[in-house]
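Q: I am attaching a structure below and will ask some questions about it afterwards.
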Amino acid sequence: MPKTLVTAGDAVGIVFTPRDATGPLPLVLLGHGAHTGKDDPTMQALCWGLAYGVPSAVLCIDAPGHGARRPDGISEAEFDALVHDGMGNAATHERFAEDWRHAAKAARAAVPQIDERTGYAGFSMGSVFGVSIAAEIGFDGPIVFAVGGLRGPEVDARGDYARQNALMRAGAARLMDRDLLMLNMTRDEHFPFALAVELLESFPTTNKRMMVWQGGHIDLPGEAIVHASTFLRERFVTAGGAS
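Counting in this note's numbering, the sequence shown runs from 301 upward without gaps.
Next up, the structure:
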């Protein structure tokens, strides 16, 4: 049963589990990128990479306004505005935290192999939400933020960056005593490298690190997922349980 659908209110998610897994599995919550969703091929490839690489059960749910939660009949321009507004809207962040709590509970009910260990891996927009709400979801496990960071006017002419940054800074301040890994690119056109470093330095935990590759936002190499898997696996083993 490698893929299992779960529901949490109007949020539908998929749990990815390794076909050959034995024994208990930790749960990784995977936050997808903007304009995508749980059914996006790239996001599913990331889910499978972490499911087999850790190994773990990986849960991906559609963010508010994304995937199966995208309103019917809206244009691409309207969808883009909805995406940007959601990333800077405190109510959307609070709702997404609640979605994750209910979806994680549903995943554990549907897949008995999942134990109590929980981590988070956010990619791009998944990092924006993750920094803001990870402390509110209700877990104390390891966290990976990939191709994310604070934003500035040079990459967000709409001006939403100020609201996003305020939510992220408030969330970052709550991530104490966490094992945290950031994966970033030197020329990320959406999340400038200097602002990614600023975010890293703002986390109050001392158990934080960053790995960096040359290139733009979509150039994150496959080896980054290997490093993410190793990071999560080692922290889950330290937390106890076979994985």
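All residues carry an ideal CB built from backbone N, CA and C; glycine is no exception. It should be emphasised that the depicted structure is a prediction, and the values quoted were computed from it without experimental measurement.
When you compare only the Cα positions, how much space is there between residue 425 and residue 362?
A: Your numbering for residue 425 matches position 125 in the sequence shown. Your numbering for residue 362 matches position 62 in the sequence shown. C-alpha separation (whole angstroms): 12 Å.
Q: Run the CB neighbour count on residue 433, radius 10 Å, all protein chains shown included, and call it buried at 16 or more, exposed below.
A: Looking up residue 433 in the sequence shown gives position 133. It counts as buried.
Q: In the DSSP assignment, what residue or residues form a beta bridge with residue 485?
A: For the purposes of this step, residue 485 is taken as the residue at position 185 of the sequence shown. DSSP lists 513 as partners of residue 485.
Q: Going by beta-carbon coordinates alone, are residue 491 and residue 448 separated by less than 8 Å?
A: For the purposes of this step, residue 491 is taken as residue 191 along the sequence shown, with counting starting at 1. For the purposes of this step, residue 448 is taken as residue 148 along the sequence shown, with counting starting at 1. Yes; because the gap between Cβ atoms is below 8 Å, this pair is in contact.
Q: Considering Cα atoms alone, identify which of 429, 357, 528, 532 is closest to residue 463.
A: What you label residue 463 is simply residue 163 of the sequence shown in a count that begins at 1. It is 429 whose Cα lies nearest to the Cα of residue 463.
Q: So, are the CB atoms of residue 518 and residue 349 less than 8 Å apart?
A: Taking the first residue of the sequence shown as 1, we reach residue 518 at position 218. Taking the first residue of the sequence shown as 1, we reach residue 349 at position 49. Cβ distance not < 8 Å, so residue 518 and residue 349 don't count as in contact.
Q: Drop a sphere of 10 angstroms on the beta-carbon of residue 543, count the other beta-carbons inside from all chains shown, and report buried for 16 or more, exposed for fewer.
A: Stepping through the sequence shown from its first residue, residue 543 is reached at position 243. Unreliable placement is indicated for residue 543, whose pLDDT of 47 sits below 50; the coordinate value is still reported in the next sentence. Burial call: buried.
Q: What's the gap between the Cα of residue 332 and the Cα of residue 420?
A: Locating residue 332 in the sequence shown gives position 32, counting from the first residue. Locating residue 420 in the sequence shown gives position 120, counting from the first residue. Residue 332 and residue 420: Cα-Cα distance of roughly 11 Å.
Q: For residue 357, which of helix, strand or coil comes out of DSSP?
A: Residue 357 sits at position 57 when you count from the first residue of the sequence shown. Three-state result, residue 357: strand.
Q: Reducing DSSP to helix, strand and coil, say where residue 414 ends up.
A: In the sequence shown, the residue the question calls residue 414 occupies position 114. If DSSP states are grouped into helix, strand and coil, residue 414 belongs with the strands.
Q: By how many angstroms is the C-alpha of residue 454 removed from the C-alpha of residue 444?
A: Within the sequence shown, residue 444 is the residue found at index 144, counting from 1. Within the sequence shown, residue 454 is the residue found at index 154, counting from 1. Each residue's Cα considered, the two are about 25 Å apart.
Q: Less than 8 Å between the C-beta atoms of residue 327 and residue 400, yes or no?
A: The residue you call residue 327 lines up with position 27 of the sequence shown. The residue you call residue 400 lines up with position 100 of the sequence shown. Result no, Cβ atoms of residue 327 and residue 400 do not sit closer than 8 Å.
Q: Out of 498, 533, 502, 356, which has the shortest C-alpha to C-alpha gap to residue 573?
A: The question about residue 573 has no answer here: the residues shown for the chain are numbered 301 through 543.
Q: Is any non-hydrogen atom of the ligand MG found closer than 7 Å to the C-beta of residue 479, if you look at the structure I gave you?
A: The model on display carries no ligand, and the ligand MG is accordingly not part of it.
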